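*Asks:* The numbers in this note's numbering rise by one with no breaks, and the one at position 90 of the sequence shown is 87. Questions regarding the structure given below will be posed in turn.
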Amino acid sequence: MKPIESKTAEETLALGEAMGKLISQGMSIALKGGLGAGKTTFVKGFAKGLGVPEEYYITSPTFTLINEYPASFPFTLYHLDLYRLSSADELEYIGFDDIIDDNHIIVVEWPEILKDISFEFDIEIRFQFDEHYNRRISFFASGQPGINLLSRLFL
């Protein structure tokens, strides 16, 4: 799939919101990209699409590691930032096993450490900058639920 170009934060928010409106319960999303690439901006829009109440201020969980938000659907959005973890063994201490079930949506920034436990995401989103500092956002699906979601998102 050709990357999406996002020239503004508003465009990144809108893309996240569109995906949030389409995602199914129990799905997981990996967000990859450097610092300031737009991962948390995307999650802000995503949370809006899920119906997370406006009084919840969406921030990167860089220091808290996990932020939890109620959605208007019958599930919870878990937003994780694993940048500060040094090994997969630390996942136990943050309660990772407690949130990976079919009742939640999980969005993970800096997901690379999860390869050590063979965790598979439904969707992987990569954020990069082009030569004009526009965001290039690429989407990859793993399995039928992810393929279905991306098909609906990019109709």
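All C-beta atoms, glycine included, are put in the ideal place defined by N, C-alpha and C. Values in this document were obtained by computation on a predicted structure and should not be read as measured data.
Please list the terminal residues of the continuous alpha helix (DSSP H) segment that includes E7.
*Replies:* 6 to 19
*Asks:* Closer than 7 Å by C-beta to G140: which residues in its own chain qualify, once you throw out the five before and the five after it? Chain order, please.
*Replies:* D119
*Asks:* With burial defined as no fewer than 16 other Cβ atoms inside 10 Å of the residue's Cβ, what is the status of H76: buried or exposed?
*Replies:* buried
*Asks:* Among all the DSSP beta bridges, which residues are the ones paired with G30?
*Replies:* F124
*Asks:* Exposed or buried, what is E106 when buried is set at 16 or more other beta-carbons lying within 10 Å of its beta-carbon?
*Replies:* buried
*Asks:* Determine the DSSP secondary structure at E2, reduced to helix, strand or coil.
*Replies:* In the structure shown, the three-state DSSP call for E2 is strand.
*Asks:* Take every Cβ of the stretch 29 to 45, pair it with every Cβ of the stretch 87 to 97, and state whether three or more of those distances are shorter than 8 Å.
*Replies:* no
*Asks:* Please say whether L111 and A85 have beta carbons closer to each other than 9 Å?
*Replies:* yes
*Asks:* Have a look at P71 and M24 and give me their C-alpha separation to the nearest angstrom.
*Replies:* 13 Å
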